[in-house]
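Let me begin by presenting the structure, written as structure tokens, before commenting on it.
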Amino acid sequence: MDISNIARKLDLSDNNLVVRKAAEIRRLCDAQFDSSIIGVGEICKAVICLEMAASRLDVLFDRQAAVKLSGMSEKAYTRSFNSLQNVIGFKIKLNIKELAIQFGCVRIIKSVQTMLSSYKERFLALLPASRRASADFTRPVFTAAAFYLCAKKHKLKVDKLRLIEVCGTSESEFSCVSTSMIDLCFDCVGVSKEKKDAKDVKGNRELLDVLPGKRKLEDGGYSSDDESSCYKRHKKMEEAKYEDWKSTVVDSIKKNPEKGTKKVIQTSLSFSKKTETKELQVES
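Just so you know, we're using my numbering here: the sequence shown kicks off at 6 and counts up by one.
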């Protein structure tokens, strides 16, 4: 199938640069290897070439429509896409806007851009001057990791495995970059797990006022080791009342053992069988 016809179905026919770039990538694929060996047909190859061209030229590309047009599942399409780009040495350039539209997280676009710029500045500041020029942040794993961390910061659900497949990297590399970003830019994407002081939470003030044992000394409460606390005094008073009652009951039982202990007599039940005998006289 002509690549221009496929571009028209993906709403890319008006962009001649994308169509020409896709045709160039397709010729490169045909010259280097036979794509049918890895199970990629001509239509799917044309669709993948269009996506590569759109990514290279920073043009929005509808991957969901491309997957449907290729006749493959999304997982199989992503695997074929990664295989083709690795064979021809094509480096995919992830577009933040495309990721946001694809995963439904449009409101974090600015956050991802800010995160990436902050990470680059802080990472380069830690490198010696001789290595700063060789630092490469154009790899898609950096964009994907920043996108995932910002989505997690804003409590948005993003399929991590699907994102790793889209950027064409491995889980270990993705985790390594994510850890580095959290360490350097915790103020941007870090999720605090520290326990907050109940006194700082406005909704817990009434609860703290009701429970004096939970208040600190500076708040007008009692220390946990203070024996004169209201709770402990009340507990001691209850224990004293119980001991008095117990001693009174024991003394009364000792003085009047017959009254103190009531013997339970079990009544015996007797069931008498009523037998009726009837004699029948048979007159002969």
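Every residue, glycine too, gets a C-beta built ideally from N, C-alpha and C. Since the model is a prediction, treat every value here as computed from it, not as a measurement.
Of the residues the options, the one placed nearest residue i, counting alpha carbons only
| i | options | result |
| --- | --- | --- |
| C181 | S40, K14 and F147 | F147 |
| A151 | I187, A134, T174 and A130 | I187 |
| G195 | K165, R167, K160 and R136 | K160 |
| L62 | V72, K26 and G44 | K26 |
| G173 | A245, V92, V45 and N21 | V92 |
| E103 | R68, I48 and R137 | R68 |
| Q90 | D249, Q37, I8 and Y153 | Q37 |
| M120 | C190, V24 and K157 | C190 |
| F108 | R167, E47 and S177 | R167 |
| D7 | D249, H239, R31 and I43 | R31 |
| V64 | F95, E248, I101 and D249 | I101 |
| A28 | E56, R137 and K251 | E56 |
| F66 | S122, L99 and K80 | L99 |
| A169 | S116, W250, T83 and S185 | It should be pointed out that residue 169 corresponds to Ile in this sequence rather than to Ala. Answer by Cα proximity: T83. |
| K125 | D256, S185, K157 and V72 | S185 |
| F179 | D164, L129 and A149 | A149 |
| T143 | E47, D249, Y247 and F95 | F95 |
| Q118 | W250, Y153, A140 and T253 | Y153 |
| V111 | K162, K73, D256 and P145 | K162 |
| S116 | K158, A140, D164 and R238 | K158 |
| K80 | D164, V24 and E47 | D164 |
Residue i - containing alpha helix (DSSP H), residue span
| i | result |
| --- | --- |
| K14 | I8 to K14 |
| V23 | N21 to Q37 |
| K165 | K165 to C172 |
| S18 | Per DSSP, S18 belongs to no alpha helix (DSSP H) and is neither H nor E. |
| L189 | E176 to L189 |
Proximity below 7 Å, CB of residue i to CB of residue j
| i | j | result |
| --- | --- | --- |
| I11 | A59 | no |
| C49 | S78 | no |
| A70 | L15 | yes |
| I106 | C155 | no |
| I53 | S88 | no |
| V45 | S85 | yes |
| L131 | R137 | no |
| C34 | S123 | no |
Beta carbon proximity, residue i to chain C, threshold 7 Å
| i | result |
| --- | --- |
| V117 | Absent from the structure: chain C. Only one protein chain is present. |
With a floor of 4 residues, list each alpha helix (DSSP H) that falls wholly inside the stretch 60-146, ordered by position along the chain. 68-75, 79-93, 101-108, 114-131 and 134-137
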